[in-house]
Each structure stands twice: as C-alpha cells, then as structure tokens.
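Visitor: Residue numbers (my numbering), protein chains in the order written: chain A, 19 to 381; chain B, 19 to 381.
In this text, a Cβ means the ideal position worked out from N, Cα and C, and glycines have one as well.
Below you'll find the structure I mean.
Written out as structure tokens, the structure reads:
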C-alpha cells in the first residue's frame, strides 16, 4: 500500500514534508525499527491512512500531524475546482482519516483544527484553500516541536538526580515531531545534568519500548535497561525505580488517561509501591467532551499481533486472543500530568480546566 | 548437546522412562511446542542437565523427576565398582544436577531424596545400589501423578461454576508428570462439570503460557483466551476474571512464594481488584529451611531471552537487559495454597506446618 520506501543514513526525522505544494509526507516506518531505518513516502491520503493504521507512524501527537498532512494530500489528489466540492472532499477525507485509529484523540483534534482553519478563510480561491491546508499542517508540525520542548522543561524538575525511571511504550521523539512527551521530561532532566537510569518496558505485543524507546535512549546515551512488562513489579519492589512516566493517547475531563495497554497495571503497581506515576502529554491530548475514562473507545487489534508478533507463530493456531491496544488509568493513580501549559497537580477536573483552559473541548 | 530427538504422533508424556535398567529418559522438548512435538532422549546425565538448564523440561515438579532419573544415569555411566566409588560418584552427580537451575526447590528435594534412599540401603551390592536409584526415581514419578490428582481434587471447590480464571506461565501437565498443579485445579473443576473460561498470560520472555498452557487447555477443550502479560490488569478491571491461580517454584516457611517472573505483579493487581489469588503446589515445593522469601536465590537468565526471544532481534543490539526468571510473592497476597496434604488457608507459618508437617525441611 505504501507509495515507496527508501533507505537513508541521514539523521532520522519521525515525519517531514519533502518539497513544496507538490511535495509529499515522509515517515520513518517505525515497524522496521530498530533493525532497519526506512521511510514511507506518502503522496496519497490512502498511504497515510495505512501508515497510521499499521503503526508505521504512531504516538498520539505524531498521528495528529501525519493526519493533518494527510488531509492536504487527500484534497490535493481529488483535483476539486469549486468551493463546495472542496469542502465536500475535505469532510470526506477527514472522516476517512478519522477511521484509522479510534483511541488517540489528537487525531480528531488535528482533523478538526484543519477543518476549522479552512472554514475560517473568507472567500479565497480553491487553490488558496488547498494551500491553507498545507500551511496549517506545517504550523501544527512546528508547534509540536515547541510543545514537546516545553513539556520537557515543565516536567524535568519531577525527576530527582540519580533516580531510576520506568517508562512504557514509546512517548519519545518517534511519537511526536521530535523530542517526545514522557521522554522529553527525561531528556530535559538529562540536559540539566542529572544522572538517570531508565527501565524500559518492552511493551507487548508490538514492542514499542524494546524497539523504539530503547533505541532513542541509547542514541542520547541515557542508560537504558530493557525489561519484559511482567518484570516491572519486581523492579519496583527491588527499589530500582523512583517514579514512572508515560505518555497518553487521550485524557478526559476528570483526568482519566487512556494509554498503551499495560499503563493501567503499572499505575496500580506504582501506587502499591508508593512510587509516583506521572503522565506527560500536550494539550491536544485532552478531550474535555468526555467526562470519564469509561467513555473512551478502546481499539481492539488483530489476534495476530499476539500470536505472530515476531514473524513466527508463538501460540496454538486455534487459540482465542484478547488484544485491547489501550487501557484507562483512573485519575486517582496519577500524581501529576505534565503539559506545555504547566503541571496539572492534583489531577482533578478543576485543575485540568485551570491549566489547559476551560474553552478547550478536545474535539 | 542432546543425545537425539525423534518425532512422534503418540499421546505425549512430559517425561517417561523407556526400557529397563539399560533404558533412558525421554522428555518432550518443550522449547519446540506448540509448533513441533519432539522428544529428547537422555542416556547421559549431561543431557538431562542441559535439558533442565535450557528449559526443554521445566516446571518445578517435572524438574525434580527428571533430575532423579538423571542421578541414575550419571551413576550408571560411571561404571563404579565399589560402594565408596558409588557414593562419591552419587554426590558428584547430585552436585552437578543441582547447578542446573537455582530457584525451584523440587530439584534439591528430589536429589536429596534419592541420596537418602541410597544411604538407607544396608549392605547391598553396587549393582543393587544402582538399581535402587532407578527404583526411587520411578517411585517419585508415580507419586507425582497421584499428588497432582489430589491437588486438583483439593482445589476444585475454589473455582465457582461460570468463573473466569487467570493463570500465568505453565503449571500444567507439562510442568509435572501429568495433570499439573494450577491447571490440575482447573481440570478437576471441569471434571465436576463446571464451565470455566481461562485467561492465559503469554508469560514473557519464554512464552510458556502462550506455547504450553494454551495448548494444554485447548487439548482438553477448555475455553482459553490468550493475553499479553500487560493486559492482566485490564482483564481484572473489566470483571472478566474472578480468581487467579498459579504454580510455585519454592514456598518458604512464612508462605512467601517464588514463581515465574510476573507472578508477584499479578498478586498485587489481584489484591487491588479484590480478586483471590491462589497458589497450587506439591509438598515438595516447600522449603521450610528458609524463613522468608527474601532468602530465595533468584535465577538471572540470558539477555537474549528478552532481545531475541522469537528467533530475531527485537531490540537495539547494545541495550542492557534485566532478566530475572522468578519473583517472590509475599504470603499476605495469597488467599490459599492448594497442596496434596490439604488447603493452606490462611497462608501462615503455623498453618503451613499444620498442613504439610513440621518435620519436613524441604532440602
């Protein structure tokens, strides 16, 4: 389904726009890391949809940016000639991209933002409307870089010098335009001169921790220790970690957090070991239209991710599988949420509104 | 290192003694399941040692039985001619086999039992002493079958009809002579006509749950649902399981239980969800010489089990790995321990002594 993949030894960017208006979106194919650094070049919206669905690009913020570029590609390829056709096509493309993954709200946030930006333009030509979509995607892309830096800055003080940190899945540069959210906090603490040791959950079934987070940490020469997800409790019990920090895919009005499957269990285990549990995420991850985490749709993924996750069968052929991609961590387990707008602590509906603004509705 | 492996479509036995005094030990090579049912034929002690170390035979009770046969093989191959040489070689073989895996106490229990049985024989010939080793191994083997049946019978009432059960690793027929410990409880409840649904943790890094437990359950037509270890908390939160039952590799005087890595985390999660957590294990798993779980040696295994667990690399080549094979669950998290001597409930030093007998020292 991909338009093409090319290898490169250049410094890797999670996603980049190559060229001008006739250009294309280039993504690192994260399913091939760390063994192979290859790129997917997308000049059609279908390629972007597939890349999101197949987790070639993943991580809530990165999905949002990829989708914004995807909107531009989808409208461009339709060659619409009048404003009505433009907005019809725009809605069609937005609806299509929205179907790629159901849990991360940044996807809907980005699509909505692009839609609103287009609607806000008064009487331009179809060509200008189209150009405006690309400009908006590029603006979101640039903003995300700044947001991640700010999240790192806001959160760095939470990490004591010499501490052991546990993280799950990948909330690093590969999950964003660059730098990350949970890993941004770690990177910023490192930049402050702190010595840290990071325990990395491998994050079954798709091993984003082993494949992506370990890779990012090693690139920055941060001591990373890979563990299986089932070892986190023991690592806590042995006093090897002083805090847990993860990203988020959706945060609702009461502070409940949807994130990669396994996050909820970690939060319960952290509480049992009296270890603070932090979440780092941009404002675009908040969905204040939902009052509780119970309302978040949880993506169910293919059984084959569990039974054939490593290129060969690891279970009986006829076994049933339950494979939820996310879980929901209740706000009461979360010590603080790190955002570019400031620290949300305690995690309460009121404090969330204070920090990220009452008018923000998420979708 | 194996003497040879052969394929067969015969009904599989975890371990069997083939032939008479000149015979050999045949083991299912569990590292190849469920894709391939192959056997390792051991006629030398070195082959038994390698099979235990490499987890071709695994599960605390099965390790004990394999080791007992291994003692006979090791003495037989030495061709000793007098009693002194016999006992020297016996001690040498016992020490060697004891070095194969450090955590499961059944290994030491079995070796000690064989040693004591040999020492108890008054004035026989070396040939009779040697035959006595094989007889003792066969006796232990036969006893284990009966013990597992009894464990199932004792524990079956703990499982309400219609309940969801979560288990970790493999404490089934493949971990024993047949029938199992934790799975014996499930099998016995099924035999009572109860409808059960069993959630099976895949059990990284070596996937004994996905490979072995799912296979055993499907063979008995018990509904099995495979999950990643990181999904257990979510399955509990969704109300899908009413209890957890696992096996054990060593249980000490205060009731602390060493078992496959991930067990401790499950116990903490079960407590947080007010779900009872049960352990099923034979009397030979108890080591009353240790007062607390802190004293149990925890086997550390190769990083490659984590980074190359599926035949290909799933992490950066230079990443550090922490890979403890076991963890220790404090007695306070365990609702009851099911043994062939009866139910230990509450799990306390006093109740353990009452049920399994004060004179039993484990090693």
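Would you mind telling me which residues of chain B sit closer than 8 Å to residue 220 (chain A), beta carbon to beta carbon, in chain order?
Guide: 222, 324, 332 and 333
Visitor: Does the beta carbon of residue 279 (chain B) sit closer than 7 Å to a beta carbon anywhere in chain A?
Guide: By this cut-off, residue 279 (chain B) is an interface position.
Visitor: Is it the case that the Cβ atoms of residue 314 (chain B) and residue 268 (chain B) are separated by a distance below 7 Å?
Guide: yes
Visitor: Could you give the first and the last residue of the continuous alpha helix (DSSP H) run that contains residue 88 (chain B)?
Guide: 78 to 94
Visitor: If we ignore side chains and look at the alpha-carbon of each, how far apart do residue 185 (chain A) and residue 262 (chain A) end up?
Guide: Cα to Cα, residue 185 (chain A) sits roughly 6 Å from residue 262 (chain A).
Visitor: At a CB-CB cut-off below 7 Å, which residues of chain A make contact with residue 337 (chain B)?
Guide: 232, 236, 242 and 244
Visitor: Return the residue from the list A:92, A:327, A:177 and A:160 that minimises the CA-CA distance to residue 148 (chain A).
Guide: It is A:92 whose Cα lies nearest to the Cα of residue 148 (chain A).
Visitor: Judging by CA-CA distance, which residue of A:264, A:305 and A:246 is the nearest neighbour of residue 270 (chain A)?
Guide: A:305
Visitor: Just checking: is the beta-carbon of residue 286 (chain A) within a distance shorter than 7 Å of some beta-carbon in chain B?
Guide: yes
Visitor: Would a C-beta distance cut-off of 7 Å place residue 31 (chain B) and residue 168 (chain B) closer than the cut-off?
Guide: no
Visitor: When burial is assigned at 16 or more other CB atoms within 10 Å of the CB, is residue 377 (chain B) buried or exposed?
Guide: Reliability of the predicted coordinates at residue 377 (chain B) is poor, the pLDDT of 47 falling under 50, and no value is obtained from them.
Visitor: DSSP on residue 113 (chain B), reduced to helix/strand/coil?
Guide: helix
Visitor: Could you say if the segment 209 to 229 of chain A and the segment 241 to 261 of chain A meet the contact criterion of at least three C-beta pairs nearer than 8 Å?
Guide: yes
Visitor: What distance in whole Å lies between the Cβ atoms of residue 33 (chain A) and residue 51 (chain A), which are believed to be in contact at a cut-off of 8 Å?
Guide: Their Cβ separation, rounded to whole angstroms, is 14 Å, which puts residue 51 (chain A) and residue 33 (chain A) out of contact at 8 Å.
Visitor: Give the interface partners of residue 253 (chain A) over in chain B, defined as CB-CB distance under 8 Å, in chain order.
Guide: Within chain B, the C-beta atoms nearer than 8 Å to that of residue 253 (chain A) come from 340, in chain order.
Visitor: Measuring only the C-alpha atoms, how far is residue 384 (chain B) from residue 283 (chain A)?
Guide: What the structure shows of chain B is the stretch from 19 to 381, and residue 384 (chain B) is not part of that stretch, so it cannot be assessed.
Visitor: What is the rounded straight-line gap between the Cα of residue 58 (chain B) and the Cα of residue 67 (chain B)?
Guide: 12 Å
Visitor: I want to know whether the segment 100 to 109 of chain A touches the segment 71 to 81 of chain A - three or more CB-CB distances under 8 Å.
Guide: no
Visitor: Under three-state DSSP, which class holds residue 171 (chain A)?
Guide: When DSSP states are grouped into helix, strand and coil, residue 171 (chain A) belongs to the helix group.
Visitor: Cβ of residue 320 (chain A) less than 7 Å from any chain B Cβ?
Guide: Not closer than 7 Å to any Cβ of chain B, the Cβ of residue 320 (chain A) fails to qualify, so no.
Visitor: Which of the three DSSP states, helix, strand or coil, is assigned to residue 159 (chain A)?
Guide: helix
Visitor: How big is the Cα-Cα spacing for residue 128 (chain B) and residue 367 (chain B)?
Guide: Those two C-alpha atoms are separated by around 23 Å.
Visitor: Which residues mark the beginning and the end of the beta strand (DSSP E) in which residue 217 (chain A) is found?
Guide: 215 to 219
Visitor: Can you name the residues of chain B whose CB is closer than 9 Å to the CB of residue 385 (chain A)?
Guide: Given a span of 19 to 381 for chain A in the structure shown, any question on residue 385 (chain A) remains unanswerable.
Visitor: Rounded C-beta distance between residue 156 (chain A) and residue 233 (chain A)? I'm assuming under 8 Å.
Guide: Actually they do not touch by this definition, with Cβ atoms about 27 Å apart.
Visitor: From the DSSP output, in three-state form, read off residue 132 (chain B) for me.
Guide: helix
Visitor: I think residue 321 (chain A) touches residue 339 (chain A), with their Cβ atoms under 8 Å apart; what is that distance to the nearest whole Å?
Guide: 4 Å
Visitor: Verify the CB distance criterion: does residue 51 (chain A) have a CB-CB separation below 7 Å to chain B?
Guide: no
Visitor: With 7 Å set as the bound, which would you pick, yes or no: does the beta-carbon of residue 290 (chain A) sit closer than that to a beta-carbon of chain B?
Guide: yes
Visitor: Heavy atom of the ligand FAD less than 6 Å from the Cβ of residue 180 (chain A), yes or no?
Guide: This structure lacks the ligand FAD, and indeed carries no ligand of any kind.
Visitor: Does the beta carbon of residue 351 (chain B) sit closer than 7 Å to a beta carbon anywhere in chain A?
Guide: no
Visitor: Which same chain residues end up closer than 8 Å to residue 42 (chain A) when comparing Cβ atoms and leaving out the 5 residues on each side of it in sequence?
Guide: The residues are 21, 35, 36, 59, 60, 61 and 91.
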